[in-house]
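Peer 1:
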Amino acid sequence: MHTPGSRLSGFFRVLNNIQRRDDLTALAQITALGFRAEDVRHIILTPLDFDHAGGLTDFPQARLHLLQQEVDTSHRRHSWLSRERYRPGQWGGIGQGETYPPQGETWFGFKAVNRLRALPPEILLVPLAGHTPGHAGIAIRLSDGWLLHGGDAWFYRGEMRQLTRHCTPGLRFYQWMMGMDNPARRHNQQRLRELSCQHGGEITFFCSHDARELAGLQSNAPLR
Ligand SMILES: [Zn+2]
Numbered sequence: 004m005h006t007p008g009s010r011l012s013g014f015f016r017v018l019n020n021i022q023r024r025d026d027l028t029a030l031a032q033i034t035a036l037g038f039r040a041e042d043v044r045h046i047i048l049t050p051l052d053f054d055h056a057g058g059l060t061d062f063p064q065a066r067l068h069l070l071q072q073e074v075d076t077s078h079r080r081h082s083w084l085s086r087e088r089y090r091p092g093q094w095g096g097i098g099q100g101e102t103y104p105p106q107g108e109t110w111f112g113f114k115a116v117n118r119l120r121a122l123p124p125e126i127l128l129v130p131l132a133g134h135t136p137g138h139a140g141i142a143i144r145l146s147d148g149w150l151l152h153g154g155d156a157w158f159y160r161g162e163m164r165q166l167t168r169h170c171t172p173g174l175r176f177y178q179w180m181m182g183m184d185n186p187a188r189r190h191n192q193q194r195l196r197e198l199s200c201q202h203g204g205e206i207t208f209f210c211s212h213d214a215r216e217l218a219g220l221q222s223n224a225p226l227r
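Per this note's numbering, residue 4 is the first one in the sequence shown, and the count goes up by one each step.
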């Protein structure tokens, strides 16, 4: 939060027109809810990309949870784009991490699902490779169904809840550009789309980057 300029790549700052808004940091939003940074004890990551990891150092006590493959990929930073997207300055000083292997239970047909150490069994890490090899979603069992945070497995509300994919051209391009394994990304997105049609009454789907999906949840009227 305090040194944003040194953490983001110039490429993505320009491409995404990233603006500094102190009131939108995770820390500011959690503070607005009446909590302190110390109250955040666990953070579950979908990818470790710059737009997901930027606030981690505001929560030095928190334990991170993510797939081991995401850690491995982020450390390799083998291409120009991977060096732009994975920014060690955002997470390099964070020591406490719980990582998970590519094996585990099955959740609605999705394999290698892990329960998370020191967290309730209602929270599951669901591997959804494509955007990055170690990208994962987070499923949470509630009293009346499931929440699925799909991370960056889709970007636009029209990609779920209907059998035919609807996405803006810009977001189609951005997903392709950011996809480290595009066949896997398309495959997993299609499986999620089918799941959202078959079990939409039981599972509430939302991703990282659709403001209207988020607004629906905030107003307790999720998109169906
Ligand atoms: Zn993202």
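Positions of the beta carbon are idealized from the N, C-alpha and C atoms, including for glycine.
Opposite R144 in the DSSP bridges: which residues?
Peer 2: Answer by DSSP bridge pairing, in chain order: W149.
Peer 1: Work out the CA separation of D61 and M4 for me, nearest whole Å.
Peer 2: Here M4 scores only 49 on pLDDT, less than 50, and its place in the model should not be relied on; the value that follows carries that caveat. Their Cα atoms are separated by approximately 7 Å.
Peer 1: With respect to 7 Å, is the separation between the Cβ of S211 and the closest non-hydrogen atom of ligand 1 below this value?
Peer 2: S211: yes, Cβ under 7 Å from ligand 1.
Peer 1: Three-state secondary structure (DSSP) at A187?
Peer 2: Helix, per DSSP.
Peer 1: Assuming contact is defined by CB atoms lying nearer than 8 Å, are Y177 and D213 in contact in what I supplied?
Peer 2: No, the Cβ-Cβ distance between Y177 and D213 is not below 8 Å.
Peer 1: Roughly how many angstroms separate the alpha carbons of P225 and L128, rounded to a whole number?
Peer 2: Roughly 22 Å separates the two Cα atoms.
Peer 1: Nearest by alpha-carbon distance to F113: which of R196, A218, T102 is it?
Peer 2: Checked all of R196, A218, T102; the closest Cα to F113 is R196.
Peer 1: In the structure shown, what three-state DSSP assignment does P130 receive?
Peer 2: Three-state result, P130: strand.
Peer 1: Please list the terminal residues of the continuous alpha helix (DSSP H) segment that includes T60.
Peer 2: Taken as a continuous stretch (DSSP letters only), T60 belongs to no alpha helix (DSSP H), as it is neither H nor E.
Peer 1: How about A132 and D184: do their beta carbons lie closer than 8 Å?
Peer 2: It is a contact, given that the beta carbons lie within the stated cut-off.
Peer 1: Do you know how far the Cα of P136 is from the Cα of T171?
Peer 2: T171 and P136: Cα-Cα distance of roughly 24 Å.
Peer 1: So what's E87 in DSSP terms, helix, strand or just coil?
Peer 2: E87 falls in the helix class under three-state DSSP.
Peer 1: So, with DSSP's three-state summary, where would you put L48?
Peer 2: Three-state result, L48: coil.
Peer 1: Keeping to the same chain, check which residues put their C-beta closer than 8 Å to that of L30; ignore five residues upstream and five downstream.
Peer 2: Correct list, in chain order: M4, A40, G58, D61, F62.
Peer 1: Could you give the residue range of the alpha helix (DSSP H) that holds T76?
Peer 2: Where T76 is concerned, the enclosing alpha helix (DSSP H) stretches over 71–79.
Peer 1: Quick one: is the Cβ of H138 within less than 7 Å of any heavy atom of ligand 1?
Peer 2: Not under cutoff, so the answer is no.
Peer 1: Pick from R23, L151, Q193: whose alpha carbon is nearest that of I47?
Peer 2: For I47, the nearest C-alpha among the options comes from L151.
Peer 1: So, at 6 Å on beta carbons, what are the nonlocal neighbours of G107 in its own chain, with the 5 sequence-adjacent residues on each side left out?
Peer 2: Within the same chain, G107 has close Cβ partners A115, V116, N117.
Peer 1: Considering only the alpha carbon of each residue, which of Q221, R44, L11 lies closest to Y89?
Peer 2: Of the listed residues, the one whose Cα sits closest to Y89 is L11.
Peer 1: CB-CB under 7 Å to R144, same chain, minus the five flanking residues each way: which ones, in chain order?
Peer 2: The answer, listed in chain order, is E125.
Peer 1: What does a CB cutoff of less than 6 Å around R168 pick up in its chain, not counting 5 residues either side in sequence?
Peer 2: E162, listed in sequence order.
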